[in-house]
Amino acid sequence: MEIARRWKCALCQVFIRGTKQLRWCFSPTILLISHFVFGSSSLSRCLFPSSLLPVLFQQIWWLDPELTYGNAKPFVFTQGHSVCNRSFFPCFDTPAVKCTYSATVKAPEGIQVLMSATQSSYVEEEGVYQFYMEYPVPAYLVALVAGDLIHADIGPRSRVWAEPCLLPTAISKLSGIVERWLTAAESLYGPYIWGRYDIVFLPPSFPIVAMENPCLTFIISSILESDEFLIIDVIHEVAHSWFGNAVTNATWEEMWLSEGLATYAQRRITTETYGAAFTCLETAFRLDALHRQMKLLGEDNPVSKLQVKLEPGVNPSNLMNLFTYEKGYCFVYYLSQLCGDPRHFDSFLRAYIEKYKFTSVVAQDLLDSFLNFFPELKEQCVESKAGLEFERWLNATGPPLAEPDLSQGSSLTRPVETLFKLWTTEPLDSVAAASSVDLTKWRTFQTVLFLDRLLDGSPLPHEVIKKLSECYSSQLDSMNAEIRIRWLQIVVRNDYYPDLYKVRRFLENQMSRMYTIPLYEDLCTGTLKSFALEIFYQTQNQLHPNLRKTIQQILSQGLNPLPAIDTTAVTTDTPAMVLEDKVSEATNGAISLRDVNVSA
Numbered sequence: 108m109e110i111a112r113r114w115k116c117a118l119c120q121v122f123i124r125g126t127k128q129l130r131w132c133f134s135p136t137i138l139l140i141s142h143f144v145f146g147s148s149s150l151s152r153c154l155f156p157s158s159l160l161p162v163l164f165q166q167i168w169w170l171d172p173e174l175t176y177g178n179a180k181p182f183v184f185t186q187g188h189s190v191c192n193r194s195f196f197p198c199f200d201t202p203a204v205k206c207t208y209s210a211t212v213k214a215p216e217g218i219q220v221l222m223s224a225t226q227s228s229y230v231e232e233e234g235v236y237q238f239y240m241e242y243p244v245p246a247y248l249v250a251l252v253a254g255d256l257i258h259a260d261i262g263p264r265s266r267v268w269a270e271p272c273l274l275p276t277a278i279s280k281l282s283g284i285v286e287r288w289l290t291a292a293e294s295l296y297g298p299y300i301w302g303r304y305d306i307v308f309l310p311p312s313f314p315i316v317a318m319e320n321p322c323l324t325f326i327i328s329s330i331l332e333s334d335e336f337l338i339i340d341v342i343h344e345v346a347h348s349w350f351g352n353a354v355t356n357a358t359w360e361e362m363w364l365s366e367g368l369a370t371y372a373q374r375r376i377t378t379e380t381y382g383a384a385f386t387c388l389e390t391a392f393r394l395d396a397l398h399r400q401m402k403l404l405g406e407d408n409p410v411s412k413l414q415v416k417l418e419p420g421v422n423p424s425n426l427m428n429l430f431t432y433e434k435g436y437c438f439v440y441y442l443s444q445l446c447g448d449p450r451h452f453d454s455f456l457r458a459y460i461e462k463y464k465f466t467s468v469v470a471q472d473l474l475d476s477f478l479n480f481f482p483e484l485k486e487q488c489v490e491s492k493a494g495l496e497f498e499r500w501l502n503a504t505g506p507p508l509a510e511p512d513l514s515q516g517s518s519l520t521r522p523v524e525t526l527f528k529l530w531t532t533e534p535l536d537s538v539a540a541a542s543s544v545d546l547t548k549w550r551t552f553q554t555v556l557f558l559d560r561l562l563d564g565s566p567l568p569h570e571v572i573k574k575l576s577e578c579y580s581s582q583l584d585s586m587n588a589e590i591r592i593r594w595l596q597i598v599v600r601n602d603y604y605p606d607l608y609k610v611r612r613f614l615e616n617q618m619s620r621m622y623t624i625p626l627y628e629d630l631c632t633g634t635l636k637s638f639a640l641e642i643f644y645q646t647q648n649q650l651h652p653n654l655r656k657t658i659q660q661i662l663s664q665g666l667n668p669l670p671a672i673d674t675t676a677v678t679t680d681t682p683a684m685v686l687e688d689k690v691s692e693a694t695n696g697a698i699s700l701r702d703v704n705v706s707a
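Under the working numbering, residues 108 to 707 are what the sequence shown spells out, in order.
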């Protein structure tokens with residue numbers, strides 16, 4: 108079938124013609140992909156900014172220099188998960204199909220190009236980059252980024268890429284420890300098969316926290332200031348090198364096969380490297396968020412199933428939620444407990460990876476392999492144990508059928524529970540509450556767990572919020588953004604006007620949807636919408652057009668439509684683009700993105 112289309116614009120004329128193999132030609136304003144082969148499909152294509160593109164190509168993200176940290180050069184990146192790469196190159200955009208790929212990219216001088224490939228080379232005289240992925244991957248794991256990027260080695264097989272102004276911070280946060288995580292993962296699940304494990308930090312417009320593109324993990328730069336979240340996010344992507352990248356869910360209806368297993372592997376790695384107490388603390392924080400989401404969605408909501416029905420025309424990204432991660436994790440953890448020793452389960456997972464690497468699987472493949480690996484469990488019919496049937500795990504709505512024992516984290520979680528009770532028990536003894544704990548000595552996950560529970564209890568009595576502010580507000584000002592945003596949400600949900608100026612200051616300095624959307628949702632849910640409008644009109648020019656449009660939609664709820672702000676640059680927000688971790692912002696606004704701040 109021949110395809111022929113013609114577009115005209117102010118800068119160029121675009122002509123697309125092809126038969127079985129498509130060749131696309133775009134203006135060479137930014138990048139020229141002179142050759143790209145994915146399986147049996149090939150293309151030639153010049154890429155140019157999205158303001159010149161029809162909706163079909165909106166998943167290539169273009170940033171003007173002002174939307175980068177360095178404000179020096181334009182920036183472009185792709186985000187393929189889950190079905191966005193069909194707008195990047197012709198492909199079977201399903202995780203069931205895997206191919207190798209190669210690409211030749213020409214870029215202007217001073218623009219560094221990277222792709223998720225095992226091999227790369229650069230001919231400086233021609234400005235040409237060549238990439239080759241020698242192992243079969245699904246289409247969604249093909250990724251490209253280009254901009255003002257420089258690198259530094261942080262280990263024997265890892266380097267970090269970032270804008271020049273961010274590179275020193277990235278080095279200080281990750282130097283030496285990525286190799287420690289890789290080594291721990293290999294001791295659990297077998298050799299790392301992708302060669303290099305590099306990381307590129309993207310500007311705050313990156314629509315999710317992190318993406319496990321093989322050989323080249325994408326991470327939002329905003330997370331750099333939150334050390335513990337950075338650790339968890341990177342280790343989660345490391346785990347995906349085995350679970351998701353090597354062995355992939357064959358259908359989007361079973362994304363838990365990648366995310367649940369990767370979350371389990373992530374926690375095995377953190378237990379090996381940071382101890383069981385830290386892992387239990389992080390798990391308690393995530394399970395708290397899961398139960399919060401369950402309360403808001405309702406226990407009968409079909410999205411709480413592990414095997415979710417994907418209706419025709421629905422973007423698979425709409426099915427991504429905390430159940431995919433945490434309910435999936437709980438099922439995998441339950442399987443590990445059936446073995447009696449997690450090391451026995453590690454042995455099974457190594458065999459599972461070896462058997463299925465570079466292929467795509469369904470849940471039955473995993474469960475059959477599990478029972479065959481442990482014949483004694485098969486004889487005991489563990490798959491049919493009353494109330495914990497495998498089929499029920501997969502297809503029942505509601506919370507996990509069983510949750511992990513987190514008692515090894517009690518030394519870290521008990522102080523949180525104690526402090527929360529002191530602040531919420533009547534009558535309030537603010538002196539005892541304030542003197543009981545020094546928050547500056549707590550781990551980040553302890554502080555965010557405490558603040559999340561205060562958020563769940565909001566609005567709080569005025570006396571409580573006033574004393575909380577007096578005790579903690581100035582301390583929290585110097586802490587990372589994951590902590591500060593939660594305190595500011597407490598301020599907003601309690602209409603605590605003395606600290607509203609801090610909300611303004613925070614939003615004036617944030618360009619990331621993970622740190623803007625939750626506050627705008629809270630501001631517009633309560634009595635502070637006019638305050639939100641004022642801040643938005645002052646800061647809109649520093650936001651990516653997609654984020655700008657999303658905030659406009661939040662602000663427009665219950666009002667006459669807001670005037671158009673940038674009609675030439677705003678592209679349509681699709682479900683895949685409104686995700687902290689690929690979770691739709693179209694969900695109930697009460698489910699703040701703070702509840703789904705997990706990696707891809």
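The beta carbon of each residue, even a glycine, is placed where N, CA and C say it ideally should be. Source: prediction; values computed, not measured.
Can you have a look at residue 488 and say buried or exposed, based on whether 16 or more other CB atoms are within 10 angstroms of its CB?
exposed
Which of the three DSSP states, helix, strand or coil, is assigned to residue 203?
coil
Beta-carbon contacts of residue 320 that lie in its chain and below 7 Å, excluding the five residues immediately before and after
223, 248, 250
Beta-ladder partner(s) of residue 306, from DSSP
267, 324
Measure from the alpha carbon of residue 479 to the alpha carbon of each residue in 492, 455, 501, then state which is nearest.
455
Going straight from the alpha carbon of residue 302 to that of residue 289, what length do you get?
11 Å
Same chain only: Cβ atoms within 6 Å of residue 168, ignoring 5 sequence neighbours per side
184
Going by DSSP in three states, residue 479 sits in which element: helix, strand or coil?
helix
Thinking C-beta only, is residue 295 closer than 8 Å to residue 374?
no
Between the alpha carbons of residue 208 and residue 242, how many angstroms are there, rounded?
8 Å
Grab me the residues of residue 642's own chain with a C-beta within less than 6 Å of its C-beta, minus the 5 sequence neighbours each way, in chain order.
611, 614
Spatial neighbours of residue 681 within its chain, please: CB distance less than 6 Å, with the 5 preceding and 5 following residues excluded, ordered by chain position.
Residue placement at residue 681 cannot be trusted, given a pLDDT of 30 that sits under 50; what the coordinates show is reported in the next sentence. There are no such residues.
Beta-carbon separation of residue 354 and residue 463 under 8 Å?
yes
Does the Cβ-Cβ distance between residue 49 and residue 626 come in under 8 Å?
Any question about residue 49 goes unanswered here, given that the chain covers just 108 to 707.
Would you list the residues sitting across from residue 356 in a DSSP beta bridge?
468
Are the segment 434–452 and the segment 494–513 in contact at 8 Å, needing three or more beta carbon pairs?
yes
Should the segment 333–350 be regarded as contacting the segment 579–595, the criterion being three or more beta carbon pairs within less than 8 Å?
yes
Using 10 angstroms around the beta-carbon of residue 426, count the other beta-carbons present and answer buried if the total reaches 16, otherwise exposed.
buried
Quick test of your reading: residue 620 and residue 197, contact by CB under 8 Å. State the CB separation rounded to the nearest angstrom.
Going by Cβ atoms, the distance from residue 620 to residue 197 rounds to 29 Å, so no, they are not a contact pair.
When you compare only the Cα positions, how much space is there between residue 484 and residue 474?
12 Å
Assign residue 450 to buried or exposed, taking buried as 16 or more other Cβ atoms, counted over all protein chains shown, within 10 Å of its Cβ.
exposed
Can you say whether residue 257 is buried or exposed, counting buried as having 16 or more other CB atoms within 10 angstroms of its CB?
exposed
Does DSSP put residue 752 in a helix, in a strand, or in coil?
One cannot answer for residue 752 here, as it falls past the ends of the chain, which runs 108 to 707.
Strictly by DSSP, which residues pair up with residue 249?
The partner list for residue 249 (beta bridge, DSSP) is empty, contrary to what the question assumes.
Where residue 532 falls: helix, strand or coil (DSSP):
coil
Beta-ladder partner(s) of residue 228, from DSSP
237
Going by C-alpha distance, which of 346, 345, 368 is nearest residue 727?
Nothing about residue 727 can be reported from this structure: the residues present for the chain run from 108 to 707 only.
Using a Cβ-based criterion (distance less than 7 Å to any ligand heavy atom), does residue 482 qualify as near the ligand SAM?
Of the ligands one can find in the structure shown there are none, so the ligand SAM has no counterpart to examine.
Quick test of your reading: residue 220 and residue 236, contact by CB under 8 Å. State the CB separation rounded to the nearest angstrom.
5 Å
According to DSSP, is residue 493 helix, strand or coil?
coil
Three-state secondary structure assigned by DSSP to residue 699
Here residue 699 scores only 38 on pLDDT, less than 50, and its place in the model should not be relied on; the value that follows carries that caveat. It is coil, neither helix nor strand.
When you compare only the Cα positions, how much space is there between residue 583 and residue 536?
21 Å
Neighbourhood of residue 562 by C-beta distance below 7 Å, restricted to the same chain and skipping five residues each side
593, 596, 597, 600
Just list the beta strand (DSSP E) runs in the segment 398–474, keeping only unbroken ones of 3 residues or longer that don't cross its boundaries, in chain order.
466–468
Here's the rule: buried if 16 or more other CB atoms are within 10 angstroms of the residue's CB, otherwise exposed. What is residue 551?
buried
If we count the other Cβ atoms within 10 Å of its Cβ and call it buried at 16 or more, is residue 377 buried or exposed?
buried
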